[in-house]
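Comments concern the structure below.
What follows is the structure, encoded as structure tokens:
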């Protein structure tokens, strides 16, 4: 992010010049008088039509809309519920889909969006012809759906969005007799199409619904969408799908709910020079009857599956295969897919053994896509990935990128059972999909790449990081009622993924591997090819535990306390050092501590494992006692010496924090700060103690002096997991102090702690280094340089300057991939416009996904405000090379510094409507708002944020409430803790404890 002393032409956001010449142009011209007459006639016709529709077109009466309470449908709501004339020809209908959505009327949020239950789809026959050409990004569709009627009805209701229907027909399946459709109504807020019939459909009978239509290959990364990439300066276009959660309805009319499984037979017409893939194998190819340069690919019928798991892609990609596994990618990037092709089959074999159920499909395709909003998607038999999540290029990609590929591949393959074979009945239980896949990805990679020790970092990624979100009062239950697509999309968050995986790990430990795995297999076998709720899982696990005599309680009673309540507990352990009695007391942990009764109400079933200074048993993670929904218990049979420390929650297998009495905390401070004894405590528990202490202090439950005394032990820590926990915890203080007068004292303290570890790790990367060690080096070096460690900064600048002076920097880069993030950021930060422009040019030509992602992040390291503003502008330009999927990364990079944060926040406020129009995604807007506000900590900043939310983005829902609550907590923290932190830092700097 730098350059010479002149503005960069590439950054100039000037619009293209307009042609105001007087050259004669070809066309048809009308006189002013004739134009006026035509406009008057058109206006009168429009008024007359509106009058007739308003007064004589009755609102539909349907069995599922008869008692609407949240949103009354009246004559005044015709822009929301449209009666559409039936069309029997191929000409477009007079009412286009755009008119359904372009409204400025404030409408109450629709939550009752479930389809009527009187009809179930059995089979879909889908034929699609995508036109993947600039100027004609559309597709033609023909869908036939075999329906079974469960209850008599005179209406057929299904989903469809942004589809222009040309012809709709309904037949009896047995006789082939056509049924008369009297009216089609579109319920826009619910995304329903409602067919009213002249006669009743009979329960138990089957019917066939045929629809022909046209759709758009959109550029919003959902539904059936278009994507592009550059190859030898030529733009190549492809068409792909992303249907989870509610976007299959954008590609074909359907019953778009997860429980409504059906079999799918798909046919894709594609240009002869391209290829297609779908969930199943191709069984037949034939030339297109009317398009000479098109070929039909006909796919085998699928197993029963949900609409959101249907997938297809039309590309010109290359591929490589290994028996039933095939990887697809841009031809230039295909060699980078080798690792995914290697590890994919290994993970599949492991999971077949883990689940004790054979993978039921004949093949798995994995496709790396240039534009993909999610990290990856588990479509049954056709896994789709963002390129960064599937491609690994040795020498260019950092070591950690290899672990990322392994984890994401494992996550998506794990879904082939949890999510695909057995699917949640409704999105409220999406955690059954995502929680399991998030847990099993660690289990699988730990088994296949066993030298990485990936399970050790689980507590960092899926426990401690999730605590931060779940400590907000605006968090949500794991199993939470959701209705409209926005609410559904909002729960694909850390609660469903991280907390879901954490409570499964907790359950695995208290049930044992034997019982847990047996229960999982029973559950999958009982519900395969169907849908399930969490109670079905609890039942299977309870039966397995009782069968093996391993657990006497009902798993549902235990686990409902974790899935049906918001938040998590802090378990306070208070020792009576005279009598030996130990009290265990629980309450909900919230970021802004209070004494409200609401905070004290929830109680959990808490498994408690522990050890003592004399035992030092950190291997046994099974609980030695339980809080069975009690607020507190007292125990007098635990043997622990008066001057022996006591540690609970071994290896942090329970999803809760631990607080101790003051004396036990002091004993932990003492043992951790002893370089000869600190390793008596397991590294995961060292990380837990640091994280718990700092967050207990943050919420006002522990004196910050005690918490900071614990962090001082890091000076002799060399293990990754405790250090990472320490850096994250100290990072919050960094963020809060970075704009203050005493930031220098903070920097000196942390640099003192990490200097020894940085020296031990060094800059040189050895061959076959572990993923954990590689990540440790990245974290420590980037922190040291961020805090302006002189040797770190000088070394990084030398390496960056050397790279800049290379004759061919795109082909020759001596900087090891594992340290590039630090070197690039320092080079851009210390340099000016020339250094920034050099990084920008490398981004523009880079082909490796990991390198492009890294450069996007470091371009935000510059300290030049004008460059930061221009970078934000570039992120909203289609011609910049920054993909929409990476917009959040740009805003996060800019907002990552004290200089960039106010620039990013002000830019968002000034360009909110433009952002909404460009990204087209509520979840992306939420993410942007989150990253640009994380440093706000002053009362006036909080007030500005509240005004902005009230005026512009209150409709974003729970995520915005979480942003407001986090900011309020920051303000409160500054008021309550700033001076305490400063005093401790000043005292520590003077005293013998530090230097």
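In my numbering, the protein residues as written are 46 to 1040.
Ideal Cβ positions, reconstructed from N, Cα and C, are used throughout, including at glycine.
Every value quoted in this text rests on a predicted model; they were computed, and no experiment measured them.
The beta strand (DSSP E) enclosing residue i, as first and last residue numbers
{"i": "residue 787", "result": "Premise fails: residue 787 is in no beta strand (DSSP E) and is neither H nor E."}
{"i": "residue 216", "result": "208-217"}
{"i": "residue 255", "result": "251-261"}
{"i": "residue 650", "result": "650-653"}
{"i": "residue 231", "result": "226-232"}
{"i": "residue 576", "result": "575-577"}
{"i": "residue 825", "result": "It is not in any beta strand (DSSP E) - residue 825 instead sits in the alpha helix (DSSP H) that spans 816-831."}
{"i": "residue 467", "result": "467-469"}
{"i": "residue 929", "result": "Counting along the chain, residue 929 falls outside any beta strand (DSSP E), and DSSP gives it neither H nor E."}
Exposed unless 16 or more other CB atoms sit within 10 angstroms - verdict on residue i
{"i": "residue 100", "result": "The pLDDT assigned to residue 100 is 40, lower than 50, so where the model puts this residue is not dependable; a value taken from the coordinates is nonetheless given after this. With fewer than 16 other Cβ atoms within 10 Å, it is exposed."}
{"i": "residue 857", "result": "exposed"}
{"i": "residue 330", "result": "exposed"}
{"i": "residue 351", "result": "buried"}
{"i": "residue 917", "result": "buried"}
{"i": "residue 574", "result": "exposed"}
{"i": "residue 776", "result": "exposed"}
{"i": "residue 410", "result": "buried"}
{"i": "residue 594", "result": "exposed"}
{"i": "residue 664", "result": "exposed"}
{"i": "residue 380", "result": "exposed"}
{"i": "residue 911", "result": "exposed"}
{"i": "residue 622", "result": "exposed"}
{"i": "residue 67", "result": "Note that residue 67 scores 30 on pLDDT, short of 50, meaning its location in the model is unreliable; the coordinates nonetheless yield the value given after this. Per the 10 Å Cβ criterion, exposed."}
{"i": "residue 646", "result": "exposed"}
For residue i, the first and last residue of its enclosing alpha helix (DSSP H)
{"i": "residue 781", "result": "765-782"}
{"i": "residue 493", "result": "476-493"}
{"i": "residue 948", "result": "945-955"}
{"i": "residue 1004", "result": "1003-1035"}
{"i": "residue 938", "result": "932-939"}
{"i": "residue 989", "result": "984-993"}
{"i": "residue 529", "result": "Note, residue 529: premise wrong, no alpha helix (DSSP H); not H, not E."}
Identified DSSP bridge partners for residue i
{"i": "residue 269", "result": "286"}
{"i": "residue 972", "result": "DSSP, once it has assigned bridges, lists no residue as partnering residue 972."}
{"i": "residue 177", "result": "182"}
{"i": "residue 168", "result": "191, 308"}
{"i": "residue 422", "result": "429"}
{"i": "residue 198", "result": "246"}
{"i": "residue 614", "result": "633"}
{"i": "residue 341", "result": "314, 331"}
Alpha-carbon spacing of residue i relative to residue j, whole angstroms
{"i": "residue 979", "j": "residue 723", "result": "34 Å"}
{"i": "residue 945", "j": "residue 619", "result": "45 Å"}
{"i": "residue 992", "j": "residue 721", "result": "54 Å"}
{"i": "residue 715", "j": "residue 446", "result": "38 Å"}
{"i": "residue 227", "j": "residue 201", "result": "12 Å"}
{"i": "residue 1053", "j": "residue 191", "result": "The requested residue 1053 does not occur in the structure, where the chain is confined to residues 46 to 1040."}
{"i": "residue 158", "j": "residue 235", "result": "5 Å"}
{"i": "residue 656", "j": "residue 669", "result": "10 Å"}
{"i": "residue 994", "j": "residue 1009", "result": "9 Å"}
{"i": "residue 800", "j": "residue 634", "result": "34 Å"}
{"i": "residue 140", "j": "residue 210", "result": "Reliability of the predicted coordinates at residue 140 is poor, the pLDDT of 29 falling under 50, and no value is obtained from them."}
{"i": "residue 681", "j": "residue 711", "result": "22 Å"}
{"i": "residue 167", "j": "residue 882", "result": "57 Å"}
{"i": "residue 262", "j": "residue 913", "result": "33 Å"}
{"i": "residue 907", "j": "residue 855", "result": "21 Å"}
{"i": "residue 485", "j": "residue 431", "result": "20 Å"}
{"i": "residue 3", "j": "residue 871", "result": "Lying outside 46 to 1040, the shown extent of the chain, residue 3 is not represented and no answer is given."}
{"i": "residue 976", "j": "residue 734", "result": "27 Å"}
{"i": "residue 987", "j": "residue 659", "result": "49 Å"}
Just checking, does the segment 537-550 make contact with the segment 506-514 on the three C-beta pairs under 8 Å criterion?
Result yes; three or more Cβ-Cβ pairs closer than 8 Å.
Would you call the segment 468-488 and the segment 694-709 in contact, with 3 or more CB pairs under 8 Å?
Counting Cβ pairs under 8 Å, fewer than three are found: no touch.
Would the segment 302-322 count as touching the segment 446-459 if we require 3 or more Cβ pairs under 8 Å?
No, the segment 302-322 does not touch the segment 446-459.
Cβ pair count under 8 Å reaching 3, the segment 413-422 against the segment 259-277
Three or more Cβ pairs drawn from the segment 413-422 and the segment 259-277 lie within less than 8 Å of each other, which places the two stretches in contact.
Given 8 Å, three or more beta-carbon pairs between the segment 489-499 and the segment 529-540
The segment 489-499 makes no contact with the segment 529-540: fewer than 3 CB pairs, one atom from each, lie closer than 8 Å.
Would you check if there are 3 or more beta carbon pairs closer than 8 Å linking the segment 345-360 to the segment 292-299?
Touching, yes, given that three or more Cβ pairs across the two stretches are closer than 8 Å.
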